[in-house]
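Only one structure is covered here, and it is reproduced in the block below.
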Amino acid sequence: MINQPKYQMTEMDINLNKVKKRDKLILIGLYFSKFNSDGLFKLDFTSYKEAFNIMGFALGAKPASIKNYRDEFDPIFPNMRKGWHNRPMRAYCYDIYKRYGKLDINDFSNLIKLLTYRNGELDLIGEEFPFQRKRIKSQSFAKRLLTGQAAERYFETVYRSIDVFSDCSILNTTMMGCGFDFKLIMESPSSFWGVEVKGLEGISGTISLTAKEHTVANRLKDRYFLFIVKNFRESPFWELYRNPIKSKLEFRKTEQVITQVTWSASV
Numbered sequence: 039m040i041n042q043p044k045y046q047m048t049e050m051d052i053n054l055n056k057v058k059k060r061d062k063l064i065l066i067g068l069y070f071s072k073f074n075s076d077g078l079f080k081l082d083f084t085s086y087k088e089a090f091n092i093m094g095f096a097l098g099a100k101p102a103s104i105k106n107y108r109d110e111f112d113p114i115f116p117n118m119r120k121g122w123h124n125r126p127m128r129a130y131c132y133d134i135y136k137r138y139g140k141l142d143i144n145d146f147s148n149l150i151k152l153l154t155y156r157n158g159e160l161d162l163i164g165e166e167f168p169f170q171r172k173r174i175k176s177q178s179f180a181k182r183l184l185t186g187q188a189a190e191r192y193f194e195t196v197y198r199s200i201d202v203f204s205d206c207s208i209l210n211t212t213m214m215g216c217g218f219d220f221k222l223i224m225e226s227p228s229s230f231w232g233v234e235v236k237g238l239e240g241i242s243g244t245i246s247l248t249a250k251e252h253t254v255a256n257r258l259k260d261r262y263f264l265f266i267v268k269n270f271r272e273s274p275f276w277e278l279y280r281n282p283i284k285s286k287l288e289f290r291k292t293e294q295v296i297t298q299v300t301w302s303a304s305v
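Every letter in the sequence shown is one number past the one before it in the working numbering, and letter 234, counting from 1, is 272.
Listed below in structure tokens is the structure:
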């Protein structure tokens, strides 16, 4: 067994712009090899398959890539898996191990989130707000965020195989606050479809539309689509609803009152 190196976190270690996709996948593999079920629990996953699916798609990679990197590290950790024990560890994987192998589960979990979340530290800060934890009862903020990202990347992967979108160019609008996640542009720039993407862990569940999403869906009608990715827990598949407000889906309005705390100072 390789002795685990001492580690000190530095700013350079979490410079998100310098971390390649492959290195992110290797780090996730190292995390799950080292922490096993504790790592799954920390990120609110119920199985490795679910973790590989959600984190793989969230990073725009094949879920099997994370499994392969986990297997790469398995021979050096005391777990029940043999991993790739018949060959030496690849040099670039060993470099990652030397640099990050000493992280404890809390620091490593935060590093994984920083590297996986779309908005990095901003999303990590979002976990700390009490209203978020109260509002989301069925799953953690982290898992909800990652599942949403995974569903969006899944859509980007498959949209050209869907007849109505096959000839469209795509614009990611998730950060524009326009009531849908993707603008599918047809021949004329003024002609477009709006697509809102949702993700579910299982083959069934509950999805919600924000007030803005519901309003925009009502306005665009047949030009608004709801794309739902189901069953990240096992084998993801998708369903598409055109004009979802008028579809077989039955939306019920829910109103919530949130107490907002502000801090004031005289200047």
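Yeah, the Cβ is synthetic: ideal placement off N, Cα and C, and Gly gets one too. None of these values were measured; they are calculated from a predicted model.
So, is residue i buried or exposed, given that buried needs 16 or more other C-beta atoms within 10 angstroms?
| i | result |
| --- | --- |
| F79 | exposed |
| I296 | exposed |
| Q187 | buried |
| F275 | exposed |
| F83 | buried |
| L287 | exposed |
| G243 | exposed |
| D142 | exposed |
| P168 | With a pLDDT of 49 at P168, under the threshold of 50, the modelled position of this residue cannot be trusted, and the question is left open. |
| L209 | exposed |
Assuming residue i and residue j form a contact by the criterion Cβ under 8 Å, report the distance between their Cβ atoms to the nearest whole angstrom.
| i | j | result |
| --- | --- | --- |
| S309 | D133 | Outside the shown range of the chain (39 to 305) lies residue 309, about which nothing can therefore be said. |
| L264 | E234 | 5 Å |
| A99 | K59 | 6 Å |
| R198 | G232 | Not confirmed; about 17 Å, so no contact. |
| A180 | L97 | At roughly 15 Å, the Cβ-Cβ gap does not stay under 8 Å, so A180 and L97 are not in contact. |
| F95 | Y192 | 5 Å |
Quick check on this structure: which residue in the options has the alpha carbon closest to the alpha carbon of residue i?
| i | options | result |
| --- | --- | --- |
| L222 | A99, C206, C216 | C206 |
| M13 | T292, E251, K62, P116 | Residue 13 lies beyond the residue range present for the chain, which begins at 39 and ends at 305; the question has no answer from this structure. |
| Q306 | A249, S226, N144, E277 | The question about residue 306 has no answer here: the residues shown for the chain are numbered 39 through 305. |
| Y130 | S285, Y138, N124 | Y138 |
| R21 | S75, W122, F203, R108 | Any answer about residue 21 is impossible in this case: the structure gives the chain only from 39 up to 305. |
| A255 | E277, P282, S246 | P282 |
| T212 | S226, L183, S229, E225 | L183 |
| D201 | L278, R108, G77 | L278 |
| P126 | M118, D109, K140 | D109 |
| K105 | K120, P116, Y86 | Y86 |
Q.
Quick test of the definition: if touching needs 3 or more C-beta pairs under 8 Å, does the region 89–100 touch the region 61–72?
A. yes
Inset, instruction - Only counting runs of 3 or more residues, tell me where the beta strand (DSSP E) segments fall wholly within the region 228–265, in order along the chain. - result: 230–237
Q) Is there contact here, the region 259–278 with the region 184–204, by at least three beta-carbon pairs under 8 Å? A) yes
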